[in-house]
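A.B. asks:
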Amino acid sequence: MSIKRIRSFLLAVCATAVLVGCNFEYFADAELNDFVWTPSLAIPIGELSYTVEDLFSELSGAGVDIGQNSEDVVMLTYEAQLQSQTATGFLTLADQTFAQEVDAGLNINATGFGAQFNFNEVYEFDLAATQNEAFDSVRFSGGSIDIVLNSEIDAEVDFTLTLSSLVNSDTHLPLVVSGTLTPGNANVNLSDALSKYVGDFSKDKNGNEVRNKIVVKLDYQVRVSGSSVIRATDGVSFSMSLVSPKFDLVYGFIGSRNLDINFELLNLDFFDSFKEGSISFAEPSFNFVFDNSFGFPLGINFNQIAAITQKGQIIPLTGSAATTPGIVNGPLVGAVGTSVNTVLKLNSTNSNIPELISSMPKKVIIEVNTETNPASAPAQYNFIGASNELSIGVLLEMPMIVNINGLISRQNVAFDIAGDLEQAKKLTLRLIAENELPLGGEIELVFKDVNDDAVFTVSQRALFEGAPVGGDGRTTGPTTNIVDINFLDADIRLLENATSIDVVTRLTTTDASSNLAVKFFSDYSLKIKLAAQADIELNTKN
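Taking numbering that gives the first Met the number 0, the leading residue of the sequence shown gets 0, the next gets one more, and so forth.
1. Run the proximity test for Ser277: is its beta-carbon closer than 7 Å to any non-hydrogen atom belonging to the ligand ATP?
2. In angstroms with no decimal places, state the Cα-to-Cα distance between Asn117 and Asn300.
3. Going residue by residue through the segment 273-351, where are the continuous beta strand (DSSP E) segments of at least 3 residues, counting only ones entirely within it?
4. For Thr547 and Ala432, which I take to be in contact (beta-carbon distance under 8 Å), what is that distance rounded to the nearest angstrom?
5. Return helix, strand or coil for Leu438, following the three-state DSSP convention.
6. Quick one: give me the first and last residue of the beta strand (DSSP E) that Gly141 is part of.
7. Among Asp157, Phe519, Leu430 and Pro373, which has the Cα closest to the Cα of Leu471?
8. Which partner residues of Asn381 appear in the DSSP bridge assignment?
9. Which residues in the same chain have their Cβ closer than 8 Å to the Cβ of Glu208, if we skip the five residues on either side of it in sequence?
10. What is the C-beta distance between Leu462 and Ile481, in whole angstroms, given that I count them as a contact (C-beta under 8 Å)?
11. If you run the structure through DSSP and keep just helix, strand and coil, what is Phe89?
12. Let me make sure I understand the geometry here. Which of Thr87, Met397 and Asn485 has the alpha-carbon closest to that of Lys425?
13. Going along the chain, which residues of its own chain have a beta-carbon closer than 8 Å to the beta-carbon of Leu316, five neighbours each way excluded?
14. Tell me where the beta strand (DSSP E) around Asp203 begins and ends.
15. Taking all protein chains shown into account, do 16 or more other C-beta atoms lie within 10 angstroms of the C-beta of Thr161, making it buried, or fewer, making it exposed?
16. One question on the structure: do Thr504 and Gly440 come within less than 8 Å of each other, judged by their Cβ atoms?
17. Mark Glu275 as exposed unless 16 or more other C-beta atoms lie within 10 angstroms of its C-beta, in which case mark it buried.
18. Mind checking which residues open and close the alpha helix (DSSP H) that includes Val401?
19. Determine the DSSP secondary structure at Arg210, reduced to helix, strand or coil.
20. I'd like to check one pair, Ser458 with Val73: are the Cβ atoms closer than 8 Å?
21. Using DSSP with H/G/I as helix, E/B as strand and the rest coil, what is Arg230?
22. Taking Thr348 as the reference, give the member of Asn186, Ile229, Gly318 and Ser236 with the closest Cα.
23. State buried or exposed for Gly325, treating a residue as buried only when at least 16 other CB atoms are found within 10 Å of its CB.
24. When the distance is taken between beta carbons, is Asn496 closer than 8 Å to Glu464?
25. Are the beta-carbon atoms of Phe295 and Asn381 separated by less than 8 Å?
26. Measure the beta-carbon distance from Glu155 to Thr181 and round it to whole angstroms, keeping in mind my assumption that it falls under 8 Å.
27. Taking the straight line between their C-alpha atoms, what separation do you get for Ile491 and Leu506?
28. Determine the direct distance from the alpha carbon of Ser375 to that of Pro437, and round the result to whole angstroms.
29. Measuring alpha carbon to alpha carbon, tell me which of Glu120, Phe112 and Glu78 ends up nearest Asn205.
30. Out of curiosity, what's the CA-to-CA distance linking Leu31 and Glu46?
31. Ignore the nearest five residues each way along the sequence and tell me which others in Thr586's own chain have a CB closer than 7 Å to its CB.
32. On a CA-only basis, which of Gln115, Val63 and Val147 is nearest Phe97? Give me that one, please.
33. Name the one or two DSSP bridge partners that Ile65 has.
34. Quick one: Cα of Leu494 to Cα of Phe414, how far?
35. State the start and end residues of the unbroken beta strand (DSSP E) segment that holds Arg505.
36. Taking the DSSP output, what are the residues bridged to Gly178?
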């Protein structure tokens, strides 16, 4: 057996023996000391040191960030975006038409002489409100204003139609339409782009402050000829339509509108590697993060939040958070274009979130309903801009203040050096663990062949013991544990048929049976010294 093959074999066995949810990168630079004959081959492999973050590093591959909080307790965080709601998807302006017929009240039957009659009227119309919205003004970005005038009068009619509620954005003057209607040309059709105008709906025809009012003034002159025949019911009519209106900015009151966030399934894959045992988080929090640039408050109701466990059990959210609406604030009218961040926190004081998270859920179902301008929120002047957005995300924070009892992780790793075992006769692997963590670990190795049948098993044994915890919540000192794993000649012959290893790790925190939740501080470490003694036939040709 060559020296190079000895190294690869020993490193592979050592790596699997200390695999407790870690990866193999820590062994990539492991140093082998010089060989010493005893007459067996005694090899001090080296020392490996793991921090708490190292031990849980595989979780980062499932979307979990690993850091620490302000108390230096290791923190697991998972963040996901639920939904974004744009302003144009939240509020649309409906097509609307306003019309008026005006009887001139003239009764003329070919008098043989001409005359002129002047008329002026001011009309006001109501914008249609579908959900109690009441607009002061709208800055339009699209659509058209279409105007139609018609005369039934047997005479020339000069008209001026003034739409004081539509103000030109550049000139700041109202939209004015004028022209002449004749018996031979009794209809006029006009159209203009709404994007040129701001709708001012805040005054009635008497100048009083109102909302949702469109004010129109009609001035017209009837020039009667000597042959004109006019009945008292003859007159003029007009209509104006807002066609496909789009808004850039709306001020006023948006009304009460509901926005349902669709069912969202959050895949919490980082729990997948743990199939048995339990882990209880003492202080997890499930935070809903709202970034709201809409200029109004929102009421939040958690219609349904439930955890679905690995076995399909459904655990619903309970507590005051499930029944008490939350409030998401929006920017005030003087801060158009900004966003307000609101975090609604579900924790152990207002919900059963610890139970939901400690169930190691496969998924979390979320259904949230939002209501604009809820009665429970302070009154606020509303606005909404086309670029405004409501963004909703979740942040799951899990401080490592936990009780772990027999939590089992099962992983399969490749074992592709069986051909290097031919000259090995006996192997003893020694692991010396110095552990500052309040966490003990037991390990079992099952070597399997190409058919996934077990060919050899290293029975479950303690790899490291949890350190005792003092009154201040920190461990009082490291524990030391020595483990010898022996492979006899017959065992090694069985290993020659192995192609993979099932690594079964069982983790238990200090005093887990008394339901003690222990803290994992970021400066804790687990050190494992590795050594091996082997009876082999050396072949130095390679």
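Glycine included, each C-beta is placed from N, C-alpha and C at the ideal position.
C.D. replies: Put simply:
1. No copy of the ligand ATP occurs in the structure displayed, which carries no ligand at all.
2. 60 Å
3. 273-280, 284-291, 297-307, 313-315, 325-327 and 339-345
4. Since the first residue of the chain shown is 0 and the last is 541, residue 547 is not available in this structure.
5. strand
6. Per DSSP, Gly141 belongs to the beta strand (DSSP E) from Ala133 to Ser150.
7. It is worth fixing the name first, because residue 471 is Asp in this sequence and not Leu. Ranking Asp157, Phe519, Leu430 and Pro373 by Cα distance to Asp471 puts Phe519 first.
8. Gly251
9. Answer for Glu208: Ser201 and Lys202, listed in chain order.
10. Their Cβ separation, rounded to whole angstroms, is 10 Å, which puts Leu462 and Ile481 out of contact at 8 Å.
11. Looking at Phe89 - three-state DSSP - the assignment turns out to be helix.
12. Asn485
13. Phe301, Gln303, Ile304, Ala305, Leu345, Ser350, Asn351, Ile352 and Leu355
14. First-last for Asp203: undefined, no H or E at that position.
15. buried
16. yes
17. exposed
18. Unbroken run through Val401 is the beta strand (DSSP E), Ile400 to Ala413; no alpha helix (DSSP H).
19. coil
20. Going by C-beta atoms, Val73 is not nearer than 8 Å to Ser458.
21. coil
22. If we check each option's Cα against that of Thr348, Gly318 comes out closest.
23. buried
24. In this structure, Asn496 does not lie closer than 8 Å to Glu464 by Cβ.
25. yes
26. With 8 Å as the limit, Glu155 and Thr181 qualify as a contact, their Cβ atoms being about 5 Å apart.
27. 28 Å
28. 46 Å
29. Nearest of Glu120, Phe112 and Glu78 to Asn205, Cα basis: Glu120.
30. Bear in mind that the predicted position of Leu31 carries a pLDDT of just 35, short of 50, making it too unreliable to give a figure here.
31. Shown here, the chain extends from 0 to 541; a query on residue 586 therefore has no answer.
32. The shortest Cα separation from Phe97 among Gln115, Val63 and Val147 belongs to Val147.
33. Leu75
34. 9 Å
35. Ser499 to Thr508
36. Phe158
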